[in-house]
Ligand SMILES: [Zn+2]
């Protein structure tokens, strides 16, 4: 991750690089913002820039020995800490150190994963993950090590709010009087959950979602997505870079979702029971994740219909068949049935997560839609 790979946030990037160039590096910095906005990506690019031997005006070099080690996420002066919990692989005592291979694995994919995706990656999505006492001991240990390259040593903490409160006092002292050339780079989503004693010793850098334009431009430039499609995806993803990248990866599926959704709504509108049942049967054959994302797609379409009803101009960024469909379909969505439709979809998503039979779920939801659409 270099600064050039970070989507949007030109101002923050410029500020951070200027601080490093001027030798004004704060010893503890907290990157605060939604987990899908790019906080992790920015913090990583910053860490790399600090450690780079041959930094340029506007980025790390990408080629020096430090950058090469960084690319493999194996820089000896970079120490990662993050929330974890026992899983299938490590059933008892856990620590960031044990899960480091998994951490590298997810980062090699993209630093734009959400916290939930991290938990899913470890197979602990239903557990409370924490940065535990063992992690705090390891942080103290890392502080005692000599810096390998004789420059900075970076303690990188992902999701600082998950720091186990009973283990935190150990850290406070070092945050107050950090050893020379030690930097704490912390990422957090919710300031209210971070211990006040940490906040008061930290420089906070607020990160918000990049703009729709920044996302669509980056998608077109970096992923080779067709510009019109990139605009559409940026619009559908509401500023979430993680969601935008997911949609790019499944761009074909998004179109398939659209076709399937349009078909489904037609059958519901016509109250065509036999077609509804056949559709439910076919759709229920896909995997659970795919079905969930289909429902989420449906929710977006309903939301767009409501927007269309209130203010058609907000749809300008949607193009082609989707735009046509929404303008034709939106008269059937109104303030009377919208709340119930959204609730029915959300219930269906919850049931899917609890392993409900998808065929029954799709059929049942279809009949609710028939009723709501004609009410
Ligand atoms: Zn370099």
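In the numbering used here, the protein residues as written are 597 to 971. No residue lacks a Cβ here, since even glycine has one placed at the ideal position from N, Cα and C.
Residues near residue i by beta carbon distance below 7 angstroms, same chain, minus five either side
i: residue 725; result: 679, 680, 681, 715, 758
i: residue 630; result: 785, 805
i: residue 766; result: 732, 736
i: residue 598; result: 641, 644, 655, 656, 658
i: residue 947; result: 957
i: residue 683; result: 718, 719, 720
i: residue 802; result: 628, 629
i: residue 662; result: 647, 648, 649, 671, 745
Residue i - partner residues in DSSP beta bridges
i: residue 783; result: 627, 754
i: residue 674; result: 750
i: residue 801; result: 627
i: residue 680; result: 726
i: residue 778; result: 749
i: residue 759; result: 727
Rounded distance between the beta-carbons of residue j and residue i, thought under 8 angstroms
i: residue 647; j: residue 744; result: Between residue 744 and residue 647 the Cβ distance is about 10 angstroms, and since that is not below 8 angstroms, they are no contact.
i: residue 847; j: residue 632; result: Actually they are not in contact, since the Cβ atoms of residue 847 and residue 632 sit about 18 angstroms apart, beyond 8 angstroms.
i: residue 782; j: residue 627; result: 7 angstroms
i: residue 739; j: residue 764; result: Not confirmed; about 15 angstroms, so no contact.
i: residue 894; j: residue 857; result: 6 angstroms
i: residue 760; j: residue 727; result: 6 angstroms
i: residue 922; j: residue 897; result: 7 angstroms
i: residue 621; j: residue 779; result: 7 angstroms
Closer than 8 angstroms to chain D by CB, residue i
i: residue 625; result: Although the question refers to chain D, the structure presented lacks it and comprises just one protein chain.
Distance between residue j and residue i (C-alpha atoms, nearest Å)
i: residue 870; j: residue 860; result: 12 angstroms
i: residue 951; j: residue 718; result: 20 angstroms
i: residue 829; j: residue 877; result: 29 angstroms
i: residue 885; j: residue 937; result: 21 angstroms
i: residue 754; j: residue 695; result: 13 angstroms
i: residue 668; j: residue 709; result: 18 angstroms
i: residue 616; j: residue 960; result: 59 angstroms
i: residue 751; j: residue 636; result: 14 angstroms
i: residue 610; j: residue 814; result: 18 angstroms
i: residue 881; j: residue 690; result: 37 angstroms
i: residue 841; j: residue 811; result: 9 angstroms
i: residue 673; j: residue 600; result: 22 angstroms
i: residue 964; j: residue 653; result: 59 angstroms
i: residue 890; j: residue 770; result: 48 angstroms
i: residue 713; j: residue 925; result: 33 angstroms
i: residue 855; j: residue 902; result: 20 angstroms
Residues of its chain near residue i, where Cβ-Cβ distance is below 6 angstroms and the 5 sequence neighbours each way are ignored
i: residue 816; result: 823, 826
i: residue 879; result: 958
i: residue 774; result: 623
i: residue 700; result: 669
i: residue 666; result: 644
i: residue 867; result: 966
Buried/exposed call for residue i, threshold 16 Cβ in 10 Å
i: residue 788; result: exposed
i: residue 807; result: exposed
i: residue 797; result: buried
i: residue 562; result: As shown, the chain starts at 597 and ends at 971. That puts residue 562 outside it, with no answer to give.
i: residue 671; result: buried
i: residue 853; result: buried
i: residue 906; result: exposed
i: residue 954; result: buried
i: residue 604; result: buried
i: residue 685; result: exposed
i: residue 794; result: buried
i: residue 613; result: buried
i: residue 843; result: buried
i: residue 704; result: exposed
i: residue 939; result: exposed
i: residue 839; result: buried
i: residue 697; result: exposed
i: residue 639; result: buried
i: residue 944; result: buried
i: residue 832; result: buried
i: residue 900; result: buried
i: residue 634; result: buried
Beta-carbon contacts of residue i that lie in its chain and below 8 angstroms, excluding the five residues immediately before and after
i: residue 809; result: 830
i: residue 971; result: 932, 933
i: residue 772; result: 797
i: residue 863; result: 871, 872, 875, 962
i: residue 664; result: none
i: residue 677; result: 692, 727, 731, 734, 735, 751, 752, 753, 754
i: residue 942; result: 895
i: residue 892; result: 945
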